[in-house]
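Residues 7 to 229 in the numbering used here are what the sequence shown lists, from first letter to last. We put the CB at the ideal spot given by N, CA and C, even for glycine.
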Amino acid sequence: MMRWTPLLSVLLLAAALSGCAPRQTATPAPLTAQTTANRVSFYPQETGLSWSYLPEGESGGSPYTLKTLGPTVFGSATTSAFELSGRGAQQTWYRQIGAGGQQLLGFRKPGVTVTLSPAWQEWPAQNAWKVGLSWSGTSQVRLRSDDGQVDQQGSVTYRYNVLDQRQVSVAGQSYSVWVVNRQITDTLGGLFPASETIWFTPYVGEVRTAEALLLTGRNFKSN
7 MMRWTPLLSV
17 LLLAAALSGC
27 APRQTATPAP
37 LTAQTTANRV
47 SFYPQETGLS
57 WSYLPEGESG
67 GSPYTLKTLG
77 PTVFGSATTS
87 AFELSGRGAQ
97 QTWYRQIGAG
107 GQQLLGFRKP
117 GVTVTLSPAW
127 QEWPAQNAWK
137 VGLSWSGTSQ
147 VRLRSDDGQV
157 DQQGSVTYRY
167 NVLDQRQVSV
177 AGQSYSVWVV
187 NRQITDTLGG
197 LFPASETIWF
207 TPYVGEVRTA
217 EALLLTGRNF
227 KSN
């Protein structure tokens, strides 16, 4: 019988991305192949885009790779799928991106599917960005295992605050980033990080993720 607490670890990808992953010594090759997309969206979602990341504080090692898999169906909704892999991690996020911003409907790891209802508002409408902007919400969380042994529910309340817009240098590249603080409370045993800082750049994506990963390469140019 599978237990609730271990399965909830899928909700905290940071654990898999940091302490549990062995460090490598080889320096990752930069991503150089160009996507066939003619233009990249404000919130990049075009099929074939790819980003590479390293944990903050590491200058080399085997990278994590994030890829856009393209349109797919999650539940009954048409979504864009994003897959992260590397160092034993594998996770796919399902998002809807449009005039209202970017929303997360759920995600999947091998054997486990997590659904969020209503969808989690990750990013606001494009023209809403400004220092001092904040948004919040509460989503019901349903976790189901493929074998049917676990079907559990809880809730997550989130709040985002845009703290600053500034230039940062990451892996030899300069980016103008929005600095966003994300705060989370939940009924799932506190397995979500309570507070994290994210750096977001339009037409590029996340330069620093909530899992403390820093962007080291991508296979496309900004518009």
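- Going straight from the alpha carbon of G160 to that of V168, what length do you get? Within the sequence shown, numbered from 1, the residue matching residue 160 stands at position 154. Within the sequence shown, numbered from 1, the residue matching residue 168 stands at position 162. G160 and V168 have their C-alpha atoms some 27 Å from each other.
- Roughly how many angstroms lie between the CA atoms of Q189 and W126, to the nearest whole one? Working through the sequence shown from its first residue, we reach residue 189 at position 183. Working through the sequence shown from its first residue, we reach residue 126 at position 120. Between the alpha carbons of Q189 and W126 lies a gap of roughly 13 Å.
- Item | Where Q155 falls, given that 16 or more other Cβ within 10 Å makes a residue buried | As a first step, residue 155 is located in the sequence shown; it is residue number 149 there, counting from the start. Looking at its Cβ environment, which holds fewer than 16 other Cβ atoms inside 10 Å, Q155 is exposed.
- Query: Considering V162, what are the terminal residues of the beta strand (DSSP E) in which it resides?
  - Reply: Reading the sequence shown from its first residue, position 156 is the one you call residue 162. D157 to V176 is the extent of the beta strand (DSSP E) around V162.
- Message: Whether or not the segment 145–153 and the segment 169–178 are in contact is what I'm after, with contact meaning three or more pairs of Cβ atoms, one per stretch, closer than 8 Å; do they touch?
- Response: Flag = no, the segment 169–178 and the segment 145–153 do not touch.
- Going by CA-CA distance only, name the one from G104, L60, Q51 and S56 that's closest to E217. For the purposes of this step, residue 217 is taken as residue 211 along the sequence shown, with counting starting at 1. Just measuring C-alpha positions, the residue of G104, L60, Q51 and S56 sitting nearest E217 is L60.
- Do you know offhand how far G231's Cα is from K136's? This structure cannot settle anything about residue 231, because the visible part of the chain is limited to 7 through 229.
- Task: Report yes if the CB atom of R214 is closer than 8 Å to the CB atom of T203, and no otherwise.
- Result: As a working mapping, residue 214 is identified with position 208 in the sequence shown. As a working mapping, residue 203 is identified with position 197 in the sequence shown. Contact flag set, yes.
- Query: Based on the DSSP output, what are the partners of W126 in its beta bridges?
  - Reply: As a working note, residue 126 is residue 120 in the sequence shown. DSSP, once it has assigned bridges, lists L110 as partnering W126.
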